[in-house]
Structure formats: C-alpha cells, structure tokens
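Q:
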Amino acid sequence: LIGEYIILSTLALAFAITVMYQLFTRQLAPWVWRWDVCRILPSYRLFSSIPRDFRLYYRDRLQNGTLTPWQEIKIGLYSRWTWWHAVWHPQHLVPSVYATLVDDMVRLAECRRDNQRLASLEKTVIYQGLAHIVRHISHDTSAVARQFKIEEAYGHVSTRSSRVVFVSAFHAL
Amino acid sequence: MSMATDPVVALGWVIRIAACGVLIDSVEKLVCWPVFHHTGVLSWSWLRLRRGFLQRGWCDAMLGFPVYMAMLALRAVAALLLVIYPLHVSVSALGLPVIVLTSLCTHLRMAPYGLHGAHRMTLVIFGALLLWRMAPASLVVAKATLWFIALQGCLSYATAGWVKAFIPAWRQGTGAFAIINVPWIGPEWLARWLHHHPLVTKAVTWLTLGMECAFPFVLVIGYPGNLVFISWGLLFHCGNALILGLNTFVWAWIATYPAMVYVTASGV
Numbered sequence: 095l096i097g098e099y100i101i102l103s104t105l106a107l108a109f110a111i112t113v114m115y116q117l118f119t120r121q122l123a124p125w126v127w128r129w130d131v132c133r134i135l136p137s138y139r140l141f142s143s144i145p146r147d148f149r150l151y152y153r154d155r156l157q158n159g160t161l162t163p164w165q166e167i168k169i170g171l172y173s174r175w176t177w178w179h180a181v182w183h184p185q186h187l188v189p190s191v192y193a194t195l196v197d198d199m200v201r202l203a204e205c206r207r208d209n210q211r212l213a214s215l216e217k218t219v220i221y222q223g224l225a226h227i228v229r230h231i232s233h234d235t236s237a238v239a240r241q242f243k244i245e246e247a248y249g250h251v252s253t254r255s256s257r258v259v260f261v262s263a264f265h266a267l
Numbered sequence: 413m414s415m416a417t418d419p420v421v422a423l424g425w426v427i428r429i430a431a432c433g434v435l436i437d438s439v440e441k442l443v444c445w446p447v448f449h450h451t452g453v454l455s456w457s458w459l460r461l462r463r464g465f466l467q468r469g470w471c472d473a474m475l476g477f478p479v480y481m482a483m484l485a486l487r488a489v490a491a492l493l494l495v496i497y498p499l500h501v502s503v504s505a506l507g508l509p510v511i512v513l514t515s516l517c518t519h520l521r522m523a524p525y526g527l528h529g530a531h532r533m534t535l536v537i538f539g540a541l542l543l544w545r546m547a548p549a550s551l552v553v554a555k556a557t558l559w560f561i562a563l564q565g566c567l568s569y570a571t572a573g574w575v576k577a578f579i580p581a582w583r584q585g586t587g588a589f590a591i592i593n594v595p596w597i598g599p600e601w602l603a604r605w606l607h608h609h610p611l612v613t614k615a616v617t618w619l620t621l622g623m624e625c626a627f628p629f630v631l632v633i634g635y636p637g638n639l640v641f642i643s644w645g646l647l648f649h650c651g652n653a654l655i656l657g658l659n660t661f662v663w664a665w666i667a668t669y670p671a672m673v674y675v676t677a678s679g680v
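Respectively, the protein sequence lines represent chains A and B. Numbering-wise (our numbering), the first sequence opens with residue 95 and increments by one. Numbering-wise (our numbering), the second sequence opens with residue 413 and increments by one.
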C-alpha cells in the first residue's frame, strides 16, 4: 500500500511539474536546463516560433593561398522526398543536428555581436561543435585551413536575397 | 476484454506502440553509426564538452564510441521484445528498465542535438510504464498510469496549440505555409503548392490550431465524440510523417491514444 502511494504521488508530482513548466517555460528554462542534465522534463511548445531559414557554407584555403568557392552544406531534409520516410527516415538525424547547431550559433552570435569578439565565441561548445563537423567534411589534399559561414535566407518561396549572419575564422585542417 | 475496459490491455497497447517507435529510432541510429564515430556529426569528442562532469572517465567509457552503439543495440532488442510480448512478466520487467536507462543515456549524451519532441514523449511514457511495472498487480496504479499518459498527451497538444495562438502567422492562417517554407523542415513542392492555394493553407493552419487547443476535450466528450479528436490526431501525425518525415512522432504520440480511449470509456 505504501508502495502504491509512492507511485501515485510520483505520477501526480511529475504531471504537476510538467504543467508548471509548460506555463512558465521562459522563466524556468535556464534553471531546468542547468539541473535537468538528461532533459527529462518535456517542453511541448512545438513550433512555438516560426523557424528561420539558415544556410551553412564552407570554403578552404589551399597551400598556395588561394581560396576555394563557398560550398553549401545541405541542412535541408528534402533534397529527395520519398513516401517511405513516413516509416523509415535515418537521413533525418544529421540535418536535424546541423539545424539545431546553426540556430544556436546564430542566437549566440546575435547576442554577442556588439560587445564581444569572435574569440569569445570560439570558446563556446556550439562553435566547437560546428567547427568539428565542418572540419571533418572531406577535403582536397592541398587544403590547409577551412572557414565556415552562415547565411539567413527566406524560404523556398521568396524573392529576398540571403544575408550573411556569421563568418568564422580559418581553422587548420 | 478491450483496451476501453481493461487497463492492463490498454497498457499493453501503449507499450507495443511506444516500443515500435523506440525500435525504429534505435535501428535508425545504428544504421547511421558513422555519425557517432570520432569524426562524425554526433561524435562524443565534442558532445562531452557540453558539461564538466561529462568529461570524466566513466562518461567516456559509457557514452563514447563504440559502447554507446552497443547500448543502442540493447535498446533495439528490448523494444523488439516489448513489441512482440508487451505484457510478458519477464520481458516487461527487463525491457522497460532497459529502455528507460538507455533513453536517459541517449539524452545525457546528445541533448539537445539530434533529439526532438518524440524522444521526450517516449521517455515520459516509458518512465510512467516503469513505475506501473513496480506494482503490476495494483489496479489503482495501472489506472493512474493510464491517466498520467492520457493527460500528458492532452497537455502536449494543448500547449502546442495555445502557444501557436499567440503567434501572428498562425492566427492569420499562414502558419502551416511558414513552417513548410523553411527548407530544412518542408519540401519545396509543398511550399509552392500552399503558396498558390491560400485557402487550403488557412484551413490547415486553423484546423491544426483549433484541434490542438481543444484536444483535452477528448477526455470529457465521451464516445463517439472522442473519435473526432483521435481520428484527427491519427491523420495529423501520419500526415506529418508522410510530408515532413517526422516518423517517430507518430509512434510517440499515438502511444498515448490507448490511454485516452481507456480514460474516456471509464468516465472522468
């Protein structure tokens, strides 16, 4: 009987905390993210803002000093749409990581643009994650360093031209 | 006995459906094993930098490559067994803790990268099921677990709906287009089609908004009114899976429906 009460109380408490978190997400999120290391507490605010359309590019510096043209790293999921993605969609994993990292990087860059330099951004885990990913994309043997940039575009249906929101330093390969 | 009258049957269906999602998710990750390798997008070498304690030896040993892949394989086997024998005493006694622990490790290793709403809902469901499994003979605990899962499902829809109601694009009827127009979410052909069919866009946007906000009524409306919400939910998630490729969302959210059916039938 005591065991039953403990289980029932745990379920009730878990539900109450989840409700509170949905109601006060903005206020509680910094505290929750700090302590909830496994991100157990769910936020059900799915598509609570319209996502921005970011594009990720990289270019290499070759041994002779020339720069290669910018190349886009496709973070879009739909280069090839197929019906079976409804059941089986392992291709979703990598683009979703890119999308989250790029989004986080832009937020960070926009927060720090005015008063902090690129050097402070380079120490962040988000930057290091992005640099790790870009660095490990295959490259020409004569390439010695790589740089990445993020541009903001405005969706599939748009006539506006994209704008650069972030450019990294060159990193040795 | 059906899921509407027997709580254990309803729990069996919750386990079976949620385990399908875990099975697909685990196998998808196993197939993408290079992603978790030292040079991969989800390499432990940079993910471990997120927090100080993740850089300790035991975390490296547990969450690094290839031990994490073995953990995913174990998770897949547990999920497969639960799909086939959801209520078997030994299978649920071993399978439920394995899924909860490996899901926690996945969250610890990756969050928030490569994880989304379906992973969190799955963890909530299996957490509740694990609590139920600690007192499997108790009818009260079985009913409370179903209530918890049904309420979590309703809370998720209502939160998603009411948050959208404060966004101008959703109120103006262009929210669905705005989401699908983002290349990393929606296909170009659909964005262009919706752009040329604004009435369809408005209908889809407002239907989503309205149904999400009103979804908690599924618990009080009774039969057959509840079928309206459940049918919409099935169409919504299957549509999202087909169009947006959000395949694991289907299983995570539809796993809450047997609980809703039971709660509705048993009376509020």
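Beta carbons are placed, not taken as given, at the ideal position from N, Cα and C, and that holds for glycine.
Would you please state the rounded distance, in angstroms, between the beta carbons of Gln116(A) and Thr571(B)? I believe it to be under 8 Å.
A: For the purposes of this step, residue 116(A) is taken as the residue at position 22 of the first sequence. For the purposes of this step, residue 571(B) is taken as the residue at position 159 of the second sequence. At roughly 4 Å, the Cβ-Cβ gap stays under 8 Å, so Gln116(A) and Thr571(B) are in contact.
Q: Should Leu107(A) be listed as close to the ligand ZN, given that the test is whether its C-beta is under 7 Å from any heavy atom?
A: The ligand ZN is not part of the structure shown, which contains no ligands of any sort.
Q: With DSSP as the reference, please indicate the residues paired to Glu246(A) in a beta bridge.
A: Residue mapping note: residue 246(A) aligns to position 152 of the first sequence, counting from 1. BP columns for Glu246(A) point to Phe148(A) and Arg257(A).
Q: Buried or exposed: Glu216(A), going by 16 or more other Cβ atoms within 10 Å of its Cβ?
A: Locating residue 216(A) in the first sequence gives position 122, counting from the first residue. Exposed, by the Cβ-count rule.
Q: Grouping DSSP H, G and I as helix and E and B as strand, with all else coil, what is Trp470(B)?
A: Along the second sequence, read from residue 1 onward, the residue named residue 470(B) stands at position 58. In the structure shown, Trp470(B) sits in a helix (DSSP, three-state: H, G or I).
Q: For Glu98(A), go through chain B and note every residue whose CB falls closer than 7 Å to its CB, in chain order.
A: The sequence position of residue 98(A) within the first sequence is 4, counting from 1. Neighbours of Glu98(A) on chain B, chain order: Ala547, Ser550, Val552 and Val553.
Q: I want to verify the contact list: residues of chain B whose CB lies under 8 Å from the CB of Gln222(A), in sequence order.
A: As a position in the first sequence, residue 222(A) is number 128, starting the count at 1. Result: Trp458 and Leu461.
Q: Any idea what DSSP makes of His607(B), helix, strand or coil?
A: What you label residue 607(B) is simply residue 195 of the second sequence in a count that begins at 1. Helix, per DSSP.
Q: Would you tell me roughly how many angstroms separate the C-alpha atoms of Gln222(A) and Pro670(B), rounded to the nearest one?
A: Here residue 222(A) is taken as the residue at index 128 of the first sequence, counted from 1. Here residue 670(B) is taken as the residue at index 258 of the second sequence, counted from 1. Their Cα atoms are separated by approximately 44 Å.
Q: I need the boundaries of the alpha helix (DSSP H) containing Gln185(A), first residue and last residue.
A: The sequence position of residue 185(A) within the first sequence is 91, counting from 1. Unbroken run through Gln185(A): none, as it is neither H nor E.
Q: Taking only three categories from DSSP, how would you classify Ile100(A)?
A: By one-based count along the first sequence, residue 100(A) stands at place 6. Ile100(A): helix per DSSP, three-state reduction.
Q: Under 7 Å between beta-carbons, which chain B residues line up against Pro184(A)? List them in chain order, please.
A: Here residue 184(A) refers to the residue found at position 90 of the first sequence. Ordered by position in chain B, the residues that pass the 7 Å Cβ test against Pro184(A) are Glu440, Val443 and Cys444.
Q: In the structure shown, what three-state DSSP assignment does Ala572(B) receive?
A: Working through the second sequence from its first residue, we reach residue 572(B) at position 160. It is helical.
Q: For a cutoff of 8 Å on Cβ pairs, would you count Gly249(A) as touching chain B?
A: Stepping through the first sequence from its first residue, residue 249(A) is reached at position 155. Answer yes: the Cβ-Cβ gap between Gly249(A) and chain B drops below 8 Å somewhere.
Q: Helix, strand or coil for Ile597(B), going by three-state DSSP, please let me know.
A: Counted from its first residue, the second sequence places residue 597(B) at position 185. Here Ile597(B) sits in coil by DSSP.
Q: Taking DSSP's pairing of strands, which residues face Arg460(B) in a bridge?
A: As a first step, residue 460(B) is located in the second sequence; it is residue number 48 there, counting from the start. Its beta-bridge partners do not exist; DSSP assigns none.
Q: Does the stretch 503 to 523 of chain B touch the stretch 540 to 559 of chain B, meaning 3 or more C-beta pairs lie closer than 8 Å?
A: In short, these stretches touch, since the Cβ pair count reaches three.
Q: Start and end of the alpha helix (DSSP H) containing Gln222(A)?
A: The count along the first sequence starts at 1 and reaches residue 222(A) at position 128. Segment Val219 to Arg229, the alpha helix (DSSP H) holding Gln222(A).
Q: I need the DSSP call for Leu135(A), collapsed to helix, strand or coil.
A: Within the first sequence, the letter at position 41 stands for residue 135(A). Of the three classes helix, strand and coil, the one that applies to Leu135(A) here is coil, per DSSP.
Q: Closer than 7 Å by C-beta to Met415(B): which residues in its own chain qualify, once you throw out the five before and the five after it? Chain order, please.
A: Start at 1 with the first residue of the second sequence, and residue 415(B) comes out as number 3. Cβ within range, chain order: Val421, Ala422, Trp425, Pro670, Val673 and Tyr674.
Q: Rounded to whole angstroms, what's the CA-CA distance from Gly651(B) to Glu624(B)? Just pull it up for me.
A: The residue given as residue 651(B) occupies position 239 in the second sequence. The residue given as residue 624(B) occupies position 212 in the second sequence. Roughly 15 Å between the two C-alpha positions.
Q: Starting from the Cα of Phe264(A), find the closest Cα among Thr253(A), Lys243(A), Leu122(A) and Leu202(A) and give me that residue.
A: Start at 1 with the first residue of the first sequence, and residue 264(A) comes out as number 170. Checking every option, the nearest Cα to that of Phe264(A) belongs to Lys243(A).
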